[in-house]
Amino acid sequence: MKAFRSMLDLLYPPKCAFCHRLLRGETVGICRKCREALPRTGAFAVRTDIRHIDRCAAPLFYEKTVRDSLHRYKFSQCVGYAGIYAELVLKCIDENQISCDSITWVPVSRRRLRLRGYDQSRLLAEEIAKKRGLPCVKTLEKVRHNRQQSLIRDPKARRENVKGVYRCDEPEAVRGKRLLLIDDIVTTGATLSECAKILCEAGAASVSAAAVARRRD
Ligand SMILES: [Zn+2]
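First residue of the sequence shown: -16, per the working numbering; consecutive thereafter.
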């Protein structure tokens, strides 16, 4: 196994998940420089202004190497980043005392899943759940393919664009539960809000949310 690992390292030398430079004998996933220089949200980690969501936490701001990293994660098959992001998210929710009974995620559409081969928020949710020893449950289905939220600027138009797009298929997994809803990036919070509304209507006791990164206001 060790020999296999070294061979893989030769073929695909491990790179920092953020700046993408080669890692030489450094801690796994993130280089020393990025560990110190990542745009951390710190005192601005938690938002409480998203309707239907108690609190939404994100450890990083969506800029520079974080944006590049999330882009590789979503569009270039860098699925190994899920474990690295999960550690950052867990530390952030712990620091901000967010707890839950189970973990769920904002799903991509079937069409997107077919094209990409994976659902990035699901992978992240599964890693977080595994590290925390909590159940990871599928609660939502994206039933309509909509315009990409990132292409729409107006907050009202973003809210309209996600209306009726998701459905809760698993009310038994939701009823009476304190859920943690995972997404990759929080921008205006329109998608999270719409998903949380559906989960609350299906009987969730509460919905908190967490993401890897948020926009700086
Ligand atoms: Zn780095």
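No residue lacks a Cβ here, since even glycine has one placed at the ideal position from N, Cα and C.
Residue from the options whose Cα sits closest to the Cα of residue i
i	options	result
Y149	L134, S191, K180, S85	K180
D102	E124, R115, S82	E124
C151	R161, E177, N144	E177
L162	T24, L5, C83	C83
L21	R94, P90, S59, S52	S52
A28	T10, L73, S59, C17	L73
D200	F58, S59, D32	D32
R93	R15, V126, L107	V126
D277	K16, T48, L107, N79	The question about residue 277 has no answer here: the residues shown for the chain are numbered -16 through 200.
K16	D137, G147, T48	T48
Contacting residues, own chain, Cβ-Cβ under 7 Å from residue i (five flanking each side not counted)
i	result
G186	P154, V157, R158, G159
C183	H35, V190
I13	C(-1), A0, F1, I67
R142	A173
R115	L73
Chain-order list of residues whose beta-carbon lies under 6 Å from that of residue i (same chain, five-residue window excluded)
i	result
P118	S85
T170	R198
E109	C119
Y64	A0, Y56
R105	W88
R99	none
K113	none
Beta-carbon proximity check, residue i vs residue j, cutoff 9 Å
i	j	result
A188	I165	no
C61	A0	yes
I168	Y45	yes
V190	H35	yes
K121	T87	yes
C39	R50	no
P201	V145	Residue coverage of the chain in this structure runs from -16 to 200, which leaves residue 201 outside it and unanswerable.
A69	I111	yes
H128	R95	yes
R23	T10	no
Simplified DSSP state of residue i, which is helix, strand or coil
i	result
Y56	helix
F44	strand
L5	strand
V169	strand
K160	coil
A194	coil
K(-2)	strand
S92	coil
C17	helix
L71	helix
G76	Contrary to the premise, residue 76 reads as Ile rather than Gly in this sequence. Looking at I76 - three-state DSSP - the assignment turns out to be helix.
C61	coil
C178	helix
8 Å CB neighbourhood of residue i in its chain, flanking five on each side removed
i	result
L134	none
K(-2)	R4, L5, L6
R130	N144
- Task: Output the residues surrounding ligand 1, defined as those with a CB atom closer than 5 Å to any ligand heavy atom, in chain order.
- Result: That gives C(-1), F1, C2, C14, C17.
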